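Accompanying notes for the structure given below.
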Amino acid sequence: MRLFREKRVTASIPTASMADIAFLLIIFFMLTTSFSPVKTSVDLPESVERAEVEQNAAIVAITAQDEIVFSDGDNPGFNVNTAYDLAPHIQALVRSMPNKQFVIRADRAVKYAAIDAVLDQLRRNGARNIGLLTEQKRPKG
Amino acid sequence: MKVHRYRTPAEIPTASMADIAFLLIIFFMLTAVYSTNRGMEFAFPKDDPTQTNVQPQEAIHIKITGDGQYTVDRTPMTIQQLAGYVDQKMKQAPDKPVIIHCLPDVPYYTMIDVFDVMRQLKVKNVSVPTQTEIERWRFFGYLE
Chain X
175 MRLFREKRVT ASIPTASMAD IAFLLIIFFM LTTSFSPVKT SVDLPESVER AEVEQNAAIV
235 AITAQDEIVF SDGDNPGFNV NTAYDLAPHI QALVRSMPNK QFVIRADRAV KYAAIDAVLD
295 QLRRNGARNI GLLTEQKRPK G
Chain G
201 MKVHRYRTPA EIPTASMADI AFLLIIFFML TAVYSTNRGM EFAFPKDDPT QTNVQPQEAI
261 HIKITGDGQY TVDRTPMTIQ QLAGYVDQKM KQAPDKPVII HCLPDVPYYT MIDVFDVMRQ
321 LKVKNVSVPT QTEIERWRFF GYLE
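For the record, the sequence lines run as chains X and G. Anchor point for the first sequence: position 14 equals 188 in our numbering, and the numbering is continuous, going up by one each time. Anchor point for the second sequence: position 33 equals 233 in our numbering, and the numbering is continuous, going up by one each time.
Here it is, written out as structure tokens:
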């Protein structure tokens, strides 16, 4: 004889938070893609003093292999062969926005000659506002 | 006759609260890590004929000859000695220009290290001449 009936809980996978997780992933990928118009991976040098660089500044990235990638800050970056090829792009930007900031995002191990060539082009073509991207250096001691 | 009605108690759904919080945490973590948009400001002199240019003879001349090798006014120094030397000079003459002359083969971070020291010492007048300028100065006998 059965005294009472067992109550059966139906087996189910909780899917209520699924949408949130999906949202989260969407936001993750949106963020990681939109923040850097230049997606070259560089190992930046470190400095103690750091100032905020301007939003949508033009970026000149120099990788450890001496590749140069240029972006005007709004459009995705593209490779240029030598620093000399930057000249028309810099001129075009400076003509429309004389105070446009140019940010150099160079690998820490790059030889200074490569930086010098880029700085020289920036200077010759009328760029005045330059930023050198760095990572935060922890003061020793 | 009374009909029994079930009243569902008024409730704010808080189950997804944790998810939203997580989401915000992740958002702020990402913006902190991914936006490496800080660095060192660097301004070229304006093309202004009334503005006086850096006089190489009067300046402190820092020459970076190799990885962690610096020559300041022709004396080899470590970065600590360099900082002390420049700091002392700045106390005597706060407007004294500093020229950072980096040789082409030196890794970039060495130049950043020196530049960082100048920024920390609040040196107003830092000049990083390009190779073309250095050649011009050398031509006029300002540099050895």
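Yeah, the Cβ is synthetic: ideal placement off N, Cα and C, and Gly gets one too. Since this is a predicted model, take the numbers as computed values, not measurements.
With its beta carbon at least 9 angstroms from every one in chain G, Y258/X lies outside the interface. A Cβ of chain G is located within less than 9 angstroms of the beta carbon of D290/X. For a Cβ distance threshold of 7 angstroms, nothing in chain G lies close to K274/X: the least Cβ distance comes to about 13 angstroms. When the Cα atoms are used, N255/X and D248/X turn out to be separated by approximately 21 angstroms. As a beta-bridge residue in DSSP terms, V272/G pairs with I262/G, T275/G. The Cβ neighbour count for R224/X, taken over all protein chains shown within 10 Å, is at least 16; the residue is labelled buried. Counting only runs of at least 3 residues, the region 207-264 of chain X fully encloses the following beta strand (DSSP E) elements, listed from N- to C-terminal order: 232-236, 242-245, 252-254. Judged by DSSP in its simplified three-state form, S191/X adopts coil rather than helix or strand. From the beta-carbon of E211/G, no residue of chain X is found nearer than 9 angstroms; the closest lies around 15 angstroms away. Chain order gives the chain G residues near D294/X as T330, Q331, T332, where near means a beta carbon separation below 8 angstroms.
Along the region 272-301 of chain G, none of the residues has a CB nearer than 9 angstroms to a CB of chain X. Using beta-carbon distances, V268/X does not count as an interface residue toward chain G, since no partner is under 9 angstroms. In its chain, beyond the 5 residues on either side, I278, I304 have a beta carbon closer than 8 angstroms to the beta carbon of L293/X. Remark: C-beta atoms of D246/X and H263/X approach each other more closely than 9 angstroms. Rounded to whole angstroms, the gap between the alpha carbons of R269/X and I201/X is 36 angstroms. Counting C-beta pairs with one atom in each stretch, the region 232-247 of chain X and the region 269-281 of chain G have fewer than three that are closer than 8 angstroms, which means they do not touch. Distance between T278/G and Q269/G, taken at the CA atoms: about 7 angstroms. For E241/G, the C-beta contacts it makes with chain X under 7 angstroms involve A225, G305, in order along the chain.
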